[in-house]
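**Q** Take this structure first; my questions come after.
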Amino acid sequence: MTPLAKLISTSSIFLGTTITITSSHWMTAWIGLEINTLSIIPLISKSHHPRAIEATTKYFLVQAAASALLLFSGMTNAWHTGQWDITQLSYPPSCTLLTTAIAIKLGLTPFHFWFPEVLQGSSFTTALLLSTVMKLPPTTILLITSHSLNSTLLTSMSIMSIALGGWTGLNQTQTRKIMAFSSISHIGWMTIIIIHNPELTLLTFYIYTLMTASIFLSMNTTNTMSLPTLMASWTKTPMLSTTLMLTLLSLAGLPPLTGFLPKWLIIQELIKQELTTTAAIVSLLSLLSLFFYLRLAYCSTITLPPNPSNKMKQWSTKTRTNALIPTLTSLSTSLLPLTPMMLTAT
């Protein structure tokens, strides 16, 4: 892929995201989502590998179906209320259609099947965009319309996403699939609180983006595709493996790291809303995700003994570390003391 084509695709992604998050009309929001979808497709398929082509096809079909549902939701609402404004969503069938469309775009359960396969067929940088930047426009639409969404449907899908993200990630050995199920679980945490406290959802998304960016860039530096490769990375980049372990523990939500902050605030808000049972369920389900994060953290810092192996040896060349990794890792592990300031800002 030429640098010019890459620049055009990346610029179009940010253009589509900007159009969607700043629009108040259903048509402009839909146009922004379509620009996003068409811009990411060349980045997914740039390797021309059969798995990449399969991931591109799956992504296009799923996103096209979700966009059609979203447009149909806006048109139905305009037909019954005479309003094309996103904030004026009041027709109940349109609310249900919108919730389904956004769930498909975000990869919420039971519409999650496409996301792990697409991430597995993408490069690390494209997978990072799919997990973070591409989730921002649908999340923004969900935030704007949070007052009129079907709370029962959204809460059910959120709990199923947290459960399934942890359960299906247990037996995975491919790092990109593990991060995909991690994303599904975290999206469940974001959407479960969106009706009660939309600002907390936005804060959770920002912190998740920081931690995920740090992990994907670290794995991209060491070319870590699977757990056995992750085990062998300690001898090449011990410092990077240590920071990766800390970021993974932060993503798991262990105190006193940054990842503990959103989960703590979400559970506290659920209890304030007299949803103690829901808070207890999501707290217990987060233990499933904790297991495979601990397994990843263990693999990232283990030193393999000098046993004979049939696997092709990797060249121990000098690894170039991305300049963003130290900053992102510092933010991903040390923001918990700044909780009062962040709560004031949101």
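Residue numbers for the sequence shown, in numbering that gives the first Met the number 0: 0 to 345.
Don't be surprised by glycine CBs; every beta carbon is placed ideally from N, CA and C.
Predicted model, so just to flag it, every value in this text is computed and none were measured.
So, helix, strand or coil for S38, using DSSP?
**A** Helix at S38.
**Q** What separation, rounded to the nearest whole angstrom, lies between the Cα atoms of I183 and P336?
**A** Each residue's alpha carbon lies about 27 Å from the other.
**Q** Run through DSSP, which three-state label would H24 get?
**A** Strand at H24.
**Q** With a Cβ-Cβ cutoff of 7 Å, do A251 and L289 count as a contact?
**A** Result yes, Cβ atoms of A251 and L289 sit closer than 7 Å.
**Q** If distances are taken between C-alpha atoms only, which option among F110, S160, T174 comes closest to L287?
**A** Closest option to L287, Cα to Cα, is S160.
**Q** Kindly indicate which residue of K5, P136, K262 has the alpha-carbon position closest to the one of T125.
**A** Among K5, P136, K262, the Cα nearest to that of T125 belongs to K5.
**Q** Using 8 Å as the threshold, is the stretch 139 to 150 in touch with the stretch 207 to 217, meaning 3 or more CB pairs across them?
**A** In short, these stretches do not touch, since the Cβ pair count stays below three.
**Q** Is the beta carbon of L284 closer than 7 Å to that of G165?
**A** For G165 and L284, yes; Cβs fall inside 7 Å.
**Q** What number of angstroms, rounded off, separates the C-alpha of L256 from the C-alpha of G31?
**A** Their Cα atoms are separated by approximately 35 Å.
**Q** Between L96 and T75, how many whole angstroms is the CB-CB distance? I'm expecting something under 8 Å.
**A** Rounded, the Cβ-Cβ distance is 7 Å, consistent with contact.
**Q** Quick check on DSSP: helix, strand or coil for Q119?
**A** Looking at Q119 - three-state DSSP - the assignment turns out to be helix.
**Q** What is the rounded straight-line gap between the Cα of P115 and the Cα of E268?
**A** So the two alpha carbons sit approximately 30 Å from each other.
**Q** Going by DSSP, what residues sit across from S225 in a beta bridge?
**A** Paired residues: Q173.
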